[in-house]
Structures are given as structure tokens and as C-alpha cells.
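Chains as they are written, first to last, in the working numbering: chain A, 73 to 446; chain B, 73 to 446.
Written out as C-alpha cells, the structure is:
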């Protein structure tokens, strides 16, 4: 095998992009052999816009069993990510799933178990992990040079969506159709990057406001406070109604501070670790000296193309994935915990009580404005 | 009367500055006639450094009753602000108190009641209200041009203090001596400016970490979430261990965004109110257009001198105060609510349950490392 034969499940917003990128040869080690979509209009689009050699299916199961493909790329609505991934793996395929990994962690735990036992490559489309500035933040923190994390803070409110966006699909922003709002649709990348760089919190107190700015049943405004195992604290704020929004990610460490904002990474490096300075300094109002530097993007953020290339390389040559599919549960656990905390009105712990969360989610699905498939 | 004859109670850190400014004639309508301090070393300093004409007292009560002064400036430890203010007003004096107004609102309510009935001028040293950038923020928001507030966020962690600072006085950072940590000592200005510009919250959920970064019994790290009457939310984060710290104050409004950081005010003004845009826009991913402008300081922030001048002008000519003393209770109510929320582990409402707060504070005072006067 010198090219991965791939089948794409779902040719919606993201699926359309994926199909074009692969068909145009932007991922040299990947060949688009099949696509499927339950919507005849999208298949019609595929007939016109994709090469004739790409076989079109109206059913994912049939595509997985067609023997035309080695791997599946899942770009369907959120709820279908785990069952389709499980089905594809059981058909002997490697799988890359779009984000989020699923809607509730119980479903994703099952998916991860099947994937782990299969020996197949399982990846997730966390393309923001290729972002040079986030990689730099992770590299600095993982190196230990700045010591432990003391505080994290991400204000990520540049997700402006007006009512017209929410009105564009009956399943959008419903408990039954999407399983949530800004946390499940817009924020999976940020929640993943947050935990990828800073680690998983151990407790969460969140305030999710449902239908606050739009006529929707799910949350469009969230403030969450978290605590980490080492005692560090964090705040995550998101909304789809702030204009112009903010995207500012600050990490305070013993050895300085990192601030990623406006496409630049500001690095403030202390000359002495603050914990050490605190012990030895004798002057009441003196603070540790620091050096400020700025990292600007070098254009080396490969995004979706990079993630797809790494998926092919993992299948063909066993190279490391940019984002192992198993990792998808981490960011999802955080958003599940945020919902649960807000619904119960109290602090909740991680790992999450998966059954309790699912019970609460089901209550909301049962009265959802749409009764969608799951 | 063409000059206000003032007596200064307390010649510590701030009192020393006040005594010099007034003695040097920086407040032309004010004359320093007396000072008092219970510490003989500070009186010795006064003898050497202040004009001979300034009468020195070791007791505030005697100074208030000396008939040498028209007004008192209170710059003592926090707990003494209300009782000394009440005593001075009862002696027929006008009063300016340093911040905070007191340590618990019950005490400050009594002070405000006495002050309100007295007909005397009662002011508080909220010098940051003279800051040009904060005044500009308040002017924009009060004008209504940007519509209602949707979200407030203040990260104010540039209060670095090492252990040496806390070790410099036995009363420092104790429940009995100061009545709190970073909220009561460093943040009164910020809490006042926050409510002055954005209004009072109606509920507070705070996470105060006591002795987290220093060997102290009070809080040195706080994250608080608040909600306002109109449904807006807010976050306030402070610490004395972040290095280098952050001072970033963001207010999101229906008509745009204000961000005050690094000594500059960024104004993002939408061409159309977001609430209106949300209703009429038909394109899913479109956001309202905006204009970005920056206000830089013009050097017109008069700080302490300005507040003292306005106190004299209010006494002599009935001019408006920069900060009415009665207002001191507002910021204090917020910090009291933050403590109470954190101690009880739940959301608390404002106005505060003053007795409940005082009971909880007394528990902490009773086991405090120092048993100070109150």
C-alpha cells in the first residue's frame, strides 16, 4: 500500500472541504475512493464536483463494507461520530473522526475501547494542534523550564453567530440534534488545546446560559472556573454573541507568563522562578525581573491538511499521529463537566460521572425542539 | 474660611505621603494643622520632617477635640476607618477616609448613617477615579451610546508581593489585623472602579484561596464570577503571586467592546448594535463591522492630589466630590460577598447578609495569628 484509500462519511460543511482537498491531491498519500451522504442534494453535488472514480454511497454502512477503502473519514453530525467510528473499525478500517469525539463521554468511552482493541489507526481532527503558537506554548510548558502552572485563562468569544446561523438548520443548537451549543460546536478545539497544553482539571464549576442571546435551547454563553491537581486554577469564557469577540489565552507559570492573543505569543520569562524569589527576596515591594519576547507565526501551521497527512503516515509507516482519536474524550469530558456543573448548580469532579451526565442530557433531549436520530 | 484646616490621623505608608503633599502646599486650599499617630517613632519623624506649626498628637480623639482643625484625613489601619470617622464627624469635622471604607459592611453602614445625618462632607480616597482611561470608560458606558453591558472581565494580578512584604508587620495579612488579604488591601480601588463603571452585581460566586502562595492566613488568590441585574456576567481575578502580573479590564457591550490594558484604552465600536444586527442579519457567519480606536493617557489623572483638592472644594464651596464617602460601601460589599461565597461554598446575593458575614469573619478573627484591636 503506498496510498491510503479513503471513504468520506458526510459531505456537509467540513466534509465538502475534506473531499476537495483529498481529490485535489493535497494529501499525496491519500486517495479519495468513496463518499457517502444521506442527503441526495449532497450526492448530486459530489457527482458534479468530485472525480468520476469516487464511488458515491447514500449509506455509510454500505461504504464501510464495500472493500473499496482502507480508512474512513467521519464528518457527520456529532452524535454519529462514535457509532460510525465503531462500525468502520469493526469493518477493519482505520478511522479519522471530525471533532467533537461525540456528545457524551459514555458513548466515546465505548468508541475508545473498540478502537484500542482493534489495532487500527484512530485519529481525530484536532487541526489546531498544528498551530505554531500553540505548539510553542506546549513546548515551553512541557520543557519544565517555566516550572509549574499557577493559573490558566482563556477568553474565547470570537465565535460570533447571529440568529440567522441558528435558523439555518432545524437540528442546529438543539439537545437532540447537536447535543449542545457553543461548547459542543464551536469550542472543541479550544477545550482540547487547553487540556493539551495545561493538562486536565480535576474540578469544574460552570455557569452555562441557555438561549441567552439567541432563540435556541442550548447554551450560547459560558463562564467556567476549574481547579487542577497541583492547585492551579483556571477560567474559560466563551460566547457566540460577543462582537467583536476576544481570543486571549494566558498561562501563568512559576517561571513567567505566556499570552497568546491577536495571532502573537507573548513570552514573559522571569530571571528567577517566582517561588524561589518569594523565599529569598528581602524587599517588600520588589518583584522578579523578566524578559519579554514575542513569537509571530511563521506560516508553518499545517491545519487540516497536516492532520490528514499525519493520519496517512500513521497508517502507511506507523508514524505518530498529531492527535490520537483516544484523546478526543479529554476535551469532551471538560465540556460535559461544564454542563453538569451548571445543571446541578455545583462544583463537579473529573473524571466525570458519565451516567449522571447522560441522564441529565436525556432529560433535555426528551423535551428538545427536534427529535433527531442518535 | 478660605483654607481647610486639616488633621491627619495615621502617618504610616499613605499618611506620610499625604502629610508631605499637604505641607508642601500641593493642595492650595488645604493647610496641615495637626497629625497624630500612636507610634512614637512616627511622631519623631513628624517632628523632623513636618513644619513646626503642625501640632503632633499621640491620640486621634484628642486631635479631633483640639479645635485646631475643620477636617480629618483618616489613614490608619483598615479596622479603625469607621470608628475614627464616626468620632471625627461627631466632633463636627468633615472627614476623608483612606480606602477601604472599613473591613465589614455592617460597620460601614453605621458610619454612613452617622455621616449622612451630619451635614458634614464625607469623602473617600478613591484616587483611581481620577484616572483618565477609567473616566473615559465610565463616560462611554454612562452615555448609553454602546447600549447595555453584556460581560465584564478584570484580570488584576499585578500586585506582586513576596513573603518579605507579609513578614514586615505582624498585623499584615491577618483576619484580626487587616481583615483580609488581596481583596481588602490591594483591590479596593479595582472593586470600586469595577462597580463605578459597570454597576453592582446582584450575585457572586467566588473562590478565595487562603495562604496559597505565602505563609499567611488570609487570601492571596481569588477568582470570582458575578451576575448583574440585567443578566450580564462578570469575572474578577486577582493574586499577589503572579509575576509578571496582568492588569486587563474588558467590558463587552451591545454596541462594542472596551479593553483597558498596558495603560491604553482600546475602543471597538460596532457600526450597528449587536442585538439589532442579530435580529436583521441574514448571513449565517457574518459579524457586525466595527471601528477600533485607542485612547492614550493625556497626563490628566490627578490621583490623590485631585481627590484632596475636591475634598477642600466640597467643604469650601459645596462642589461635587470625586468620591462620596458613602460610596465606599459598594466595593467593600463586593469583597465581603466574595469572602462569604467562598467560605460557604455557594453563590451569595447582594445586598449582603451583613450579620452572617460578620459572624463568619469573627470566627476567623478568633483564631487569627494576631489578636489586634478593632
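From the three backbone atoms N, C-alpha and C, an ideal C-beta is built for every residue, glycine too.
Within the 9 Å Cβ cut-off, does residue i reach chain B?
i              : result
residue 86(A)  : no
residue 149(A) : no
residue 295(A) : yes
residue 342(A) : yes
residue 157(A) : no
residue 353(A) : yes
residue 272(A) : no
residue 166(A) : no
Using a threshold of 9 Å, state whether the C-beta atoms of residue i and residue j are closer than that.
i              : j              : result
residue 114(A) : residue 357(B) : no
residue 151(A) : residue 429(A) : no
residue 321(A) : residue 231(A) : no
residue 323(B) : residue 292(B) : no
residue 421(A) : residue 280(A) : no
residue 375(B) : residue 199(B) : yes
residue 142(A) : residue 373(A) : no
residue 509(B) : residue 149(B) : No answer is possible for residue 509(B): it lies beyond the span of chain B, which begins at 73 and ends at 446.
residue 236(B) : residue 208(A) : no
residue 402(B) : residue 267(B) : yes
If we cut at 9 Å on Cβ distances, does residue i have a partner in chain A?
i              : result
residue 235(B) : yes
residue 260(B) : no
residue 285(B) : yes
residue 253(B) : no
residue 367(B) : no
residue 240(B) : yes
residue 346(B) : yes
residue 309(B) : yes
residue 89(B)  : no
residue 197(B) : no
residue 202(B) : no
residue 277(B) : yes
residue 357(B) : yes
residue 73(B)  : no
Pull the bridge partners of residue i from the DSSP assignment, please.
i              : result
residue 58(A)  : What the structure shows of chain A is the stretch from 73 to 446, and residue 58(A) is not part of that stretch, so it cannot be assessed.
residue 196(B) : 169(B)
residue 225(B) : 307(B) and 322(B)
residue 278(A) : 296(A)
residue 365(B) : 339(B)
residue 438(B) : None; residue 438(B) has no bridge partner.
residue 130(B) : For residue 130(B), which the question treats as bridged, DSSP gives no partner whatsoever.
residue 420(B) : 276(B)
residue 328(A) : 325(A) and 341(A)
residue 116(A) : Partner(s): none; residue 116(A) has no beta bridge.
residue 143(A) : 78(A) and 166(A)
residue 103(B) : 77(B)
residue 333(B) : 320(B) and 336(B)
residue 396(B) : 195(B)
Using a Cβ-Cβ cut-off of 8 Å (strictly less than) and excluding sequence neighbours within five positions of residue i, which residues of its own chain qualify?
i              : result
residue 130(B) : 108, 109, 110, 112 and 115
residue 140(A) : 77, 79, 105, 106 and 127
residue 427(B) : 178
residue 220(B) : 302, 304, 325 and 326
residue 161(B) : 167, 186, 187, 190, 192 and 194
residue 118(B) : 83, 91, 107, 109, 126 and 128
Ignore the nearest five residues each way along the sequence and tell me which others in residue i's own chain have a CB closer than 6 Å to its CB.
i              : result
residue 383(B) : 168 and 195
residue 332(B) : 205 and 321
residue 295(A) : 279 and 309
residue 275(B) : 299, 419 and 421
Run the CB neighbour count on residue i, radius 10 Å, all protein chains shown included, and call it buried at 16 or more, exposed below.
i              : result
residue 445(B) : Model confidence at residue 445(B) stands at a pLDDT of 43, short of 50, so the residue's coordinates are unreliable; what they give is reported in the following sentence. Answer is exposed; the Cβ neighbour count stays below 16.
residue 328(A) : buried
residue 439(B) : exposed
residue 121(B) : exposed
residue 135(A) : buried
residue 189(B) : exposed
residue 351(B) : exposed
residue 159(B) : buried
residue 287(A) : exposed
residue 91(B)  : buried
residue 368(A) : exposed
residue 389(B) : exposed
With a threshold of 7 Å on Cβ separation, who are the neighbours of residue i within its own chain once the five nearest residues in sequence on each side are excluded?
i              : result
residue 360(B) : 342, 343, 344, 346 and 349
residue 408(A) : 176, 177, 424 and 429
residue 256(B) : 150, 172, 175, 250 and 407
Cβ of residue i versus every heavy atom of the ligand SAH: is any distance shorter than 8 Å?
i              : result
residue 153(B) : Among the ligands in the structure shown, none appear at all, so the ligand SAH cannot be discussed.
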